[in-house]
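Enquirer: UniProt numbering applies: residue 1 is where the sequence shown begins, and numbers increase by one. Note that the Cβ used here is the ideal one computed from N, Cα and C, for glycine as well. Right, I'll just put the structure down here and ask away after.
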Amino acid sequence: MAPPLGTGAGERSSAAAAARGGAAPEGVGAGGGLEVPVARDDAATVVLLESLLEHLADGVLAVGRDGRVSYWSDTLGALTGLSAARALDRPVGELLPDFAAAFSGDAAQVAAGRLSAGRGELPLRLAVVRVQGPSGITLGRAAAVTDLRREQEARAAREQQAALTQLGQMMATAAHQLRNPLGACLGFLGLLERDLAGGPSAALLGRVREGLGEMDRRIGELLGYARPRPLEARRFDLAALLRDVAAGAAARFGGGPRFETRLPPRFELRGDADQLRQACENLLVNAAQAAGATGRVRLLLRAARTGGGRTSARILVRNTGARLAPGELPQLFEPFVSRTRGGTGLGLPLARRIVEAHGGRIEALSAGGWTTFVAVLPLDSAPGPEESP
(Lines of atoms letter the chains of each structure in order from A and count residues from 1; the text may use other names and numbers.)
(Lines give C-alpha, C1' and ligand atoms only; values in the text may rest on other atoms or scores of the structure.)
Protein backbone atom coordinates (compact mmCIF):
# COMPACT_ATOMS: atom_id res chain seq x y z
CA MET A 1 0.00 0.00 0.00
CA ALA A 2 1.19 3.52 -0.75
CA PRO A 3 2.26 5.54 2.30
CA PRO A 4 0.38 8.63 3.51
CA LEU A 5 0.77 11.49 1.07
CA GLY A 6 3.86 13.53 1.93
CA THR A 7 6.58 15.65 0.44
CA GLY A 8 9.83 13.89 1.26
CA ALA A 9 11.87 12.34 4.03
CA GLY A 10 12.10 14.75 6.94
CA GLU A 11 9.67 17.22 5.36
CA ARG A 12 6.24 15.64 5.79
CA SER A 13 5.56 16.71 9.36
CA SER A 14 6.86 20.26 8.83
CA ALA A 15 4.79 20.65 5.67
CA ALA A 16 1.67 19.46 7.46
CA ALA A 17 2.35 21.84 10.34
CA ALA A 18 2.78 24.72 7.92
CA ALA A 19 -0.47 23.75 6.23
CA ARG A 20 -2.35 23.82 9.55
CA GLY A 21 -0.82 27.11 10.62
CA GLY A 22 -2.92 29.52 8.61
CA ALA A 23 -5.53 30.07 5.97
CA ALA A 24 -5.24 27.78 2.97
CA PRO A 25 -5.30 29.52 -0.40
CA GLU A 26 -6.74 27.45 -3.24
CA GLY A 27 -5.79 26.73 -6.85
CA VAL A 28 -2.61 27.10 -8.79
CA GLY A 29 0.01 29.51 -7.52
CA ALA A 30 2.55 31.65 -9.34
CA GLY A 31 4.74 29.77 -11.81
CA GLY A 32 2.23 26.97 -12.31
CA GLY A 33 2.61 25.51 -8.82
CA LEU A 34 -0.19 23.63 -7.14
CA GLU A 35 -1.28 25.09 -3.78
CA VAL A 36 -2.45 22.36 -1.42
CA PRO A 37 -5.18 23.32 1.10
CA VAL A 38 -5.62 21.07 4.11
CA ALA A 39 -8.49 21.52 6.54
CA ARG A 40 -7.46 22.12 10.15
CA ASP A 41 -6.84 18.72 11.83
CA ASP A 42 -9.08 17.04 9.25
CA ALA A 43 -7.63 13.54 8.76
CA ALA A 44 -10.66 12.57 6.66
CA THR A 45 -9.68 15.17 4.08
CA VAL A 46 -6.23 13.63 3.78
CA VAL A 47 -7.75 10.17 3.30
CA LEU A 48 -10.10 11.60 0.67
CA LEU A 49 -7.24 13.25 -1.19
CA GLU A 50 -5.21 10.04 -1.12
CA SER A 51 -8.18 8.09 -2.48
CA LEU A 52 -8.60 10.67 -5.22
CA LEU A 53 -4.94 10.40 -6.17
CA GLU A 54 -5.22 6.61 -6.41
CA HIS A 55 -7.84 7.04 -9.13
CA LEU A 56 -6.23 9.97 -10.93
CA ALA A 57 -4.75 9.16 -14.35
CA ASP A 58 -2.81 5.87 -14.40
CA GLY A 59 -0.68 6.71 -11.40
CA VAL A 60 0.62 9.54 -9.23
CA LEU A 61 3.95 10.25 -7.60
CA ALA A 62 5.30 13.06 -5.45
CA VAL A 63 8.89 14.20 -5.05
CA GLY A 64 10.24 16.22 -2.14
CA ARG A 65 12.56 19.21 -2.29
CA ASP A 66 15.45 16.80 -1.96
CA GLY A 67 14.51 15.13 -5.28
CA ARG A 68 13.52 11.87 -3.62
CA VAL A 69 10.21 10.08 -4.10
CA SER A 70 7.85 10.74 -1.20
CA TYR A 71 4.66 9.26 -2.65
CA TRP A 72 4.16 6.43 -5.12
CA SER A 73 0.54 5.42 -5.67
CA ASP A 74 -0.62 1.83 -5.67
CA THR A 75 -1.92 2.27 -9.22
CA LEU A 76 1.52 3.39 -10.35
CA GLY A 77 3.01 0.39 -8.60
CA ALA A 78 0.61 -1.93 -10.44
CA LEU A 79 1.45 -0.25 -13.74
CA THR A 80 5.24 -0.36 -13.40
CA GLY A 81 5.66 -3.47 -11.27
CA LEU A 82 7.61 -1.36 -8.77
CA SER A 83 5.98 -1.20 -5.35
CA ALA A 84 5.85 1.91 -3.18
CA ALA A 85 8.13 0.22 -0.64
CA ARG A 86 10.85 -0.07 -3.29
CA ALA A 87 10.30 3.39 -4.77
CA LEU A 88 10.11 5.58 -1.65
CA ASP A 89 13.07 7.79 -0.74
CA ARG A 90 14.91 6.95 -3.95
CA PRO A 91 16.04 9.75 -6.30
CA VAL A 92 13.45 10.35 -8.98
CA GLY A 93 16.21 10.54 -11.59
CA GLU A 94 17.21 7.00 -10.68
CA LEU A 95 13.69 5.62 -11.09
CA LEU A 96 12.63 7.77 -14.04
CA PRO A 97 15.80 8.85 -15.87
CA ASP A 98 13.86 9.97 -18.97
CA PHE A 99 11.82 12.38 -16.83
CA ALA A 100 14.42 13.76 -14.41
CA ALA A 101 14.53 17.18 -16.10
CA ALA A 102 10.76 17.58 -15.76
CA PHE A 103 11.10 17.69 -11.96
CA SER A 104 13.32 20.79 -12.01
CA GLY A 105 12.24 24.39 -12.46
CA ASP A 106 9.13 26.20 -11.27
CA ALA A 107 6.91 25.93 -14.35
CA ALA A 108 4.53 23.03 -14.92
CA GLN A 109 5.91 20.59 -17.48
CA VAL A 110 4.64 17.73 -19.61
CA ALA A 111 7.19 15.15 -20.69
CA ALA A 112 7.02 11.87 -22.61
CA GLY A 113 9.49 9.03 -22.35
CA ARG A 114 9.93 5.38 -21.51
CA LEU A 115 10.38 3.50 -18.28
CA SER A 116 12.35 0.27 -18.13
CA ALA A 117 10.58 -1.87 -15.55
CA GLY A 118 10.15 -5.50 -14.71
CA ARG A 119 7.27 -5.60 -17.19
CA GLY A 120 9.28 -4.27 -20.12
CA GLU A 121 9.46 -0.84 -21.71
CA LEU A 122 6.52 1.39 -20.79
CA PRO A 123 5.75 4.52 -22.83
CA LEU A 124 4.60 7.17 -20.35
CA ARG A 125 3.58 10.81 -20.21
CA LEU A 126 4.09 12.81 -17.01
CA ALA A 127 2.39 16.10 -16.17
CA VAL A 128 4.56 17.63 -13.43
CA VAL A 129 3.56 20.59 -11.24
CA ARG A 130 5.23 22.36 -8.33
CA VAL A 131 3.42 21.81 -5.02
CA GLN A 132 3.20 24.83 -2.69
CA GLY A 133 2.12 25.08 0.91
CA PRO A 134 -0.29 27.74 2.21
CA SER A 135 2.57 30.18 2.83
CA GLY A 136 3.91 29.78 -0.70
CA ILE A 137 6.78 27.54 0.30
CA THR A 138 7.69 24.87 -2.24
CA LEU A 139 6.97 21.46 -0.77
CA GLY A 140 8.06 19.46 -3.80
CA ARG A 141 6.58 18.35 -7.08
CA ALA A 142 3.75 16.02 -8.05
CA ALA A 143 3.21 14.19 -11.32
CA ALA A 144 0.19 12.54 -12.91
CA VAL A 145 1.28 9.56 -14.99
CA THR A 146 -0.48 8.44 -18.18
CA ASP A 147 0.15 5.06 -19.80
CA LEU A 148 0.57 5.82 -23.51
CA ARG A 149 0.09 2.24 -24.70
CA ARG A 150 -3.66 2.68 -25.18
CA GLU A 151 -3.12 5.86 -27.20
CA GLN A 152 -0.44 4.19 -29.30
CA GLU A 153 -2.65 1.14 -29.91
CA ALA A 154 -5.58 3.36 -30.89
CA ARG A 155 -3.37 5.39 -33.23
CA ALA A 156 -1.95 2.20 -34.78
CA ALA A 157 -5.49 0.87 -35.27
CA ARG A 158 -6.55 4.10 -36.99
CA GLU A 159 -3.50 4.02 -39.24
CA GLN A 160 -4.09 0.36 -40.07
CA GLN A 161 -7.73 1.04 -40.89
CA ALA A 162 -6.77 3.94 -43.15
CA ALA A 163 -4.19 1.78 -44.91
CA LEU A 164 -6.69 -1.07 -45.33
CA THR A 165 -9.29 1.32 -46.72
CA GLN A 166 -6.84 2.62 -49.30
CA LEU A 167 -5.69 -0.91 -50.09
CA GLY A 168 -9.29 -2.04 -50.40
CA GLN A 169 -9.97 0.61 -53.02
CA MET A 170 -6.91 -0.53 -54.97
CA MET A 171 -7.96 -4.18 -54.67
CA ALA A 172 -11.48 -3.45 -55.86
CA THR A 173 -10.17 -1.64 -58.93
CA ALA A 174 -7.69 -4.42 -59.72
CA ALA A 175 -10.30 -7.14 -59.19
CA HIS A 176 -12.74 -5.50 -61.59
CA GLN A 177 -10.01 -5.13 -64.20
CA LEU A 178 -9.12 -8.82 -63.81
CA ARG A 179 -12.69 -10.09 -63.84
CA ASN A 180 -13.53 -8.65 -67.26
CA PRO A 181 -10.85 -10.59 -69.21
CA LEU A 182 -11.48 -13.60 -67.00
CA GLY A 183 -15.11 -13.61 -68.09
CA ALA A 184 -13.99 -13.54 -71.71
CA CYS A 185 -11.63 -16.47 -71.09
CA LEU A 186 -14.41 -18.52 -69.53
CA GLY A 187 -16.67 -17.72 -72.48
CA PHE A 188 -14.12 -18.87 -75.05
CA LEU A 189 -13.37 -21.92 -72.91
CA GLY A 190 -17.03 -22.89 -73.08
CA LEU A 191 -16.90 -22.75 -76.88
CA LEU A 192 -13.78 -24.94 -76.92
CA GLU A 193 -15.36 -27.46 -74.57
CA ARG A 194 -18.37 -27.68 -76.88
CA ASP A 195 -16.27 -28.14 -80.01
CA LEU A 196 -13.79 -30.58 -78.45
CA ALA A 197 -16.21 -32.59 -76.31
CA GLY A 198 -15.09 -36.20 -76.03
CA GLY A 199 -11.76 -35.51 -77.70
CA PRO A 200 -8.27 -36.04 -76.27
CA SER A 201 -8.08 -32.40 -75.17
CA ALA A 202 -11.23 -32.50 -73.02
CA ALA A 203 -9.30 -33.41 -69.86
CA LEU A 204 -6.87 -30.54 -70.42
CA LEU A 205 -9.73 -28.13 -70.87
CA GLY A 206 -11.12 -29.36 -67.56
CA ARG A 207 -7.84 -28.43 -65.88
CA VAL A 208 -8.02 -25.00 -67.49
CA ARG A 209 -11.55 -24.52 -66.14
CA GLU A 210 -10.37 -25.50 -62.64
CA GLY A 211 -7.59 -22.92 -62.81
CA LEU A 212 -9.88 -20.19 -64.05
CA GLY A 213 -12.42 -21.11 -61.39
CA GLU A 214 -9.76 -20.77 -58.70
CA MET A 215 -8.80 -17.37 -60.08
CA ASP A 216 -12.45 -16.32 -60.04
CA ARG A 217 -12.72 -17.35 -56.36
CA ARG A 218 -9.61 -15.33 -55.49
CA ILE A 219 -11.01 -12.28 -57.25
CA GLY A 220 -14.27 -12.80 -55.38
CA GLU A 221 -12.37 -12.76 -52.08
CA LEU A 222 -10.67 -9.50 -53.04
CA LEU A 223 -13.96 -7.88 -53.95
CA GLY A 224 -15.77 -9.29 -50.93
CA TYR A 225 -13.19 -7.90 -48.52
CA ALA A 226 -12.69 -4.59 -50.30
CA ARG A 227 -16.40 -3.81 -50.68
CA PRO A 228 -18.52 -5.60 -48.08
CA ARG A 229 -22.15 -5.96 -49.10
CA PRO A 230 -25.06 -5.09 -46.80
CA LEU A 231 -26.86 -8.06 -45.31
CA GLU A 232 -30.00 -9.35 -47.02
CA ALA A 233 -31.55 -11.29 -44.16
CA ARG A 234 -34.14 -14.01 -44.65
CA ARG A 235 -35.04 -17.25 -42.93
CA PHE A 236 -33.28 -20.32 -44.33
CA ASP A 237 -32.15 -23.83 -43.38
CA LEU A 238 -28.57 -23.55 -42.12
CA ALA A 239 -28.14 -27.34 -41.93
CA ALA A 240 -29.03 -27.74 -45.61
CA LEU A 241 -26.64 -24.94 -46.55
CA LEU A 242 -23.80 -26.59 -44.64
CA ARG A 243 -24.47 -29.97 -46.27
CA ASP A 244 -24.22 -28.30 -49.67
CA VAL A 245 -21.03 -26.47 -48.71
CA ALA A 246 -19.45 -29.70 -47.42
CA ALA A 247 -20.35 -31.55 -50.62
CA GLY A 248 -18.79 -28.79 -52.70
CA ALA A 249 -15.59 -28.82 -50.65
CA ALA A 250 -15.35 -32.62 -50.87
CA ALA A 251 -15.71 -32.43 -54.66
CA ARG A 252 -13.13 -29.68 -54.89
CA PHE A 253 -10.60 -31.61 -52.80
CA GLY A 254 -11.46 -35.00 -54.29
CA GLY A 255 -8.07 -36.51 -53.55
CA GLY A 256 -7.58 -34.51 -50.38
CA PRO A 257 -8.67 -34.91 -46.75
CA ARG A 258 -11.59 -36.99 -45.57
CA PHE A 259 -14.68 -34.86 -44.86
CA GLU A 260 -17.04 -35.73 -42.01
CA THR A 261 -20.29 -33.95 -41.11
CA ARG A 262 -22.48 -34.03 -38.03
CA LEU A 263 -25.51 -31.91 -38.85
CA PRO A 264 -29.13 -31.95 -37.62
CA PRO A 265 -31.88 -32.64 -40.19
CA ARG A 266 -32.95 -29.00 -40.09
CA PHE A 267 -31.75 -25.81 -38.40
CA GLU A 268 -33.55 -22.57 -39.20
CA LEU A 269 -31.71 -19.27 -39.00
CA ARG A 270 -32.40 -15.71 -40.09
CA GLY A 271 -29.48 -14.17 -41.92
CA ASP A 272 -27.83 -13.56 -45.27
CA ALA A 273 -27.58 -17.07 -46.70
CA ASP A 274 -25.24 -16.13 -49.56
CA GLN A 275 -22.71 -14.39 -47.33
CA LEU A 276 -22.84 -17.11 -44.68
CA ARG A 277 -22.27 -19.67 -47.42
CA GLN A 278 -19.14 -17.78 -48.42
CA ALA A 279 -17.94 -17.63 -44.80
CA CYS A 280 -18.44 -21.38 -44.30
CA GLU A 281 -16.79 -22.19 -47.64
CA ASN A 282 -13.76 -20.15 -46.59
CA LEU A 283 -13.56 -22.00 -43.27
CA LEU A 284 -13.78 -25.42 -44.95
CA VAL A 285 -11.23 -24.54 -47.63
CA ASN A 286 -8.83 -23.31 -44.96
CA ALA A 287 -9.33 -26.52 -42.96
CA ALA A 288 -8.84 -28.76 -45.99
CA GLN A 289 -5.64 -27.00 -47.01
CA ALA A 290 -4.28 -27.24 -43.46
CA ALA A 291 -5.22 -30.92 -43.11
CA GLY A 292 -3.53 -32.02 -46.32
CA ALA A 293 -4.30 -35.06 -48.44
CA THR A 294 -4.16 -37.55 -45.55
CA GLY A 295 -5.92 -35.44 -42.93
CA ARG A 296 -9.48 -35.16 -41.70
CA VAL A 297 -11.98 -32.30 -41.70
CA ARG A 298 -15.11 -32.24 -39.55
CA LEU A 299 -18.09 -29.92 -39.89
CA LEU A 300 -20.51 -29.76 -36.97
CA LEU A 301 -23.59 -27.69 -36.17
CA ARG A 302 -25.03 -27.40 -32.67
CA ALA A 303 -27.47 -25.30 -30.71
CA ALA A 304 -26.14 -23.70 -27.52
CA ARG A 305 -27.42 -21.40 -24.81
CA THR A 306 -25.71 -18.05 -24.46
CA GLY A 307 -26.01 -15.27 -21.90
CA GLY A 308 -29.57 -14.28 -21.12
CA GLY A 309 -30.89 -17.73 -21.98
CA ARG A 310 -30.86 -17.07 -25.73
CA THR A 311 -30.14 -19.81 -28.25
CA SER A 312 -27.23 -19.56 -30.65
CA ALA A 313 -25.95 -21.62 -33.55
CA ARG A 314 -22.42 -22.98 -33.16
CA ILE A 315 -20.68 -23.96 -36.38
CA LEU A 316 -17.49 -25.92 -35.73
CA VAL A 317 -14.93 -26.59 -38.46
CA ARG A 318 -12.13 -28.88 -37.29
CA ASN A 319 -9.05 -30.19 -39.04
CA THR A 320 -6.10 -32.37 -38.16
CA GLY A 321 -2.60 -31.12 -38.80
CA ALA A 322 0.20 -29.24 -37.12
CA ARG A 323 -0.73 -27.68 -33.80
CA LEU A 324 -0.75 -23.89 -33.78
CA ALA A 325 0.81 -21.91 -30.93
CA PRO A 326 -1.59 -19.66 -28.97
CA GLY A 327 0.14 -16.56 -30.32
CA GLU A 328 -0.47 -17.67 -33.91
CA LEU A 329 -4.24 -18.08 -33.59
CA PRO A 330 -5.28 -14.38 -33.55
CA GLN A 331 -3.03 -13.72 -36.55
CA LEU A 332 -5.08 -16.10 -38.68
CA PHE A 333 -7.83 -13.47 -38.88
CA GLU A 334 -5.48 -10.65 -39.94
CA PRO A 335 -5.74 -9.61 -43.61
CA PHE A 336 -3.12 -11.06 -45.96
CA VAL A 337 -1.84 -13.63 -43.43
CA SER A 338 -1.98 -17.04 -45.11
CA ARG A 339 -0.88 -20.48 -43.94
CA THR A 340 -0.95 -21.84 -47.51
CA ARG A 341 1.29 -20.96 -50.40
CA GLY A 342 -0.44 -18.82 -52.98
CA GLY A 343 -3.42 -17.88 -50.81
CA THR A 344 -4.75 -14.34 -50.61
CA GLY A 345 -4.87 -14.35 -46.82
CA LEU A 346 -8.41 -12.94 -46.98
CA GLY A 347 -10.55 -16.05 -46.53
CA LEU A 348 -10.57 -16.11 -42.74
CA PRO A 349 -10.76 -12.31 -42.26
CA LEU A 350 -13.73 -12.25 -44.64
CA ALA A 351 -15.39 -15.10 -42.74
CA ARG A 352 -14.94 -13.21 -39.47
CA ARG A 353 -16.33 -10.01 -40.96
CA ILE A 354 -19.45 -11.82 -42.20
CA VAL A 355 -20.04 -13.60 -38.88
CA GLU A 356 -19.59 -10.37 -36.90
CA ALA A 357 -21.95 -8.54 -39.27
CA HIS A 358 -24.60 -11.05 -38.13
CA GLY A 359 -23.92 -10.13 -34.50
CA GLY A 360 -21.84 -13.25 -33.93
CA ARG A 361 -18.22 -14.03 -33.18
CA ILE A 362 -15.56 -16.43 -34.40
CA GLU A 363 -12.51 -17.85 -32.68
CA ALA A 364 -9.81 -20.45 -33.24
CA LEU A 365 -8.51 -23.14 -30.88
CA SER A 366 -5.70 -25.66 -31.33
CA ALA A 367 -5.21 -28.65 -29.04
CA GLY A 368 -4.98 -32.43 -29.12
CA GLY A 369 -3.97 -32.67 -32.76
CA TRP A 370 -6.99 -30.65 -33.94
CA THR A 371 -7.44 -27.02 -34.92
CA THR A 372 -11.02 -25.83 -34.46
CA PHE A 373 -12.77 -22.74 -35.76
CA VAL A 374 -15.96 -21.90 -33.88
CA ALA A 375 -18.49 -19.49 -35.39
CA VAL A 376 -21.32 -18.46 -33.05
CA LEU A 377 -24.44 -16.90 -34.59
CA PRO A 378 -27.37 -15.59 -32.53
CA LEU A 379 -30.86 -16.97 -33.14
CA ASP A 380 -32.77 -14.12 -31.53
CA SER A 381 -35.91 -14.35 -33.63
CA ALA A 382 -35.46 -17.77 -35.18
CA PRO A 383 -36.95 -20.98 -33.79
CA GLY A 384 -34.62 -23.59 -32.40
CA PRO A 385 -33.38 -26.50 -34.50
CA GLU A 386 -35.36 -29.66 -34.94
CA GLU A 387 -33.95 -32.42 -32.80
CA SER A 388 -32.28 -35.40 -34.47
CA PRO A 389 -34.36 -38.57 -34.25
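(1) Less than 9 Å separating the beta-carbons of V245 and R314?
(2) Assign T320 to one of two classes, buried (16 or more other C-beta atoms within 10 Å of its C-beta) or exposed (fewer than that).
(3) Under 7 Å Cβ to Cβ from L76, same chain only, skipping five residues before and after it: list those, please.
(4) May I have the straight-line CA-CA distance separating E214 from N286, to the nearest angstrom?
(5) Determine the contact status of R130 and D98, defining contact as a CB-CB distance below 9 Å.
(6) Quick check: what's the CA-CA separation for L79 versus E151?
(7) At the level of alpha carbons, what is the spacing between H176 and L186?
(8) Which of the three DSSP states is assigned to T320 in this structure?
(9) Could you pull out every residue in the same chain whose Cβ sits closer than 6 Å to the Cβ of L283, ignoring the five residues on either side in sequence?
(10) Leaving out five residues before and five after R90 in sequence, what residues of the same chain have Cβ atoms less than 8 Å from its Cβ?
(11) Whose C-alpha, out of L300, E94, L299 and D237, is nearest the C-alpha of G271?
(12) Could you tell me whether the region 351 to 364 touches the region 222 to 232, where touching means 3 or more Cβ pairs closer than 8 Å?
(13) Cβ atoms of A288 and A249: under 9 Å apart, would you say?
(14) Using the Cα positions of L276 and I354, report the straight-line distance between them to the nearest angstrom.
(15) Between A112 and S338, what straight-line distance do the alpha-carbon atoms span, to the nearest angstrom?
(16) Of the residues G295, L300, V208 and P265, which one's Cα is nearest the Cα of S280?
(17) Let me check one thing: in DSSP terms, what residues is Y71 bridge-paired to?
(18) Give the list of continuous alpha helix (DSSP H) stretches no shorter than 4 residues that lie fully inside the region 252 to 309.
(19) Exposed or buried, what is E221 when buried is set at 16 or more other beta-carbons lying within 10 Å of its beta-carbon?
(20) Please list, in chain order, all residues of the same chain as Q169 whose beta carbon is under 6 Å from its beta carbon, the five residues on each side excluded.
Expert: For this structure:
(1) no
(2) buried
(3) G59, V60, L61 and V145
(4) 14 Å
(5) no
(6) 15 Å
(7) 15 Å
(8) strand
(9) V317, A351 and F373
(10) R68 and V69
(11) D237
(12) yes
(13) yes
(14) 7 Å
(15) 38 Å
(16) The sequence shown places Cys at residue 280, not Ser. If we check each option's Cα against that of C280, L300 comes out closest.
(17) A62
(18) 273 to 291
(19) buried
(20) none
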